[in-house]
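**Q** In my numbering, the protein residues as written are 199 to 271. Every residue gets a Cβ at the ideal spot worked out from N, C-alpha and C, and that includes glycine. Values in this document were obtained by computation on a predicted structure and should not be read as measured data. First the structure, then my questions, so here it is.
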């Protein structure tokens, strides 16, 4: 009885890995991603610190909406 659920989990994880791979490959095609107002950038001589606060929040909101839409039954 546990085998069908394990199969579904493996299929879901495989699809998730494919989607993440496509996002990584096509990441340069989204010029707005990572450069939103509110992202923290500290540049000093020989040192750059970058923390995309607003980008993380936007990605979180978008993923939450997508999972909420697919999670409704």
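What does residue 242 pair with, by DSSP beta-bridge criteria?
**A** As a working mapping, residue 242 is identified with position 44 in the chain shown. Answer by DSSP bridge pairing, in chain order: 245.
**Q** Out of curiosity, what's the CA-to-CA distance linking residue 255 and residue 249?
**A** As a position in the chain shown, residue 255 is number 57, starting the count at 1. As a position in the chain shown, residue 249 is number 51, starting the count at 1. Looking at the two C-alpha atoms, the distance is approximately 12 Å.
**Q** Tell whether a beta-carbon distance below 8 Å holds between residue 238 and residue 251.
**A** By one-based count along the chain shown, residue 238 stands at place 40. By one-based count along the chain shown, residue 251 stands at place 53. Going by C-beta atoms, residue 238 is nearer than 8 Å to residue 251.
**Q** Once DSSP output is grouped into helix, strand and coil, what is the label at residue 233?
**A** Stepping through the chain shown from its first residue, residue 233 is reached at position 35. In this structure, residue 233 counts as coil in the three-state DSSP scheme.
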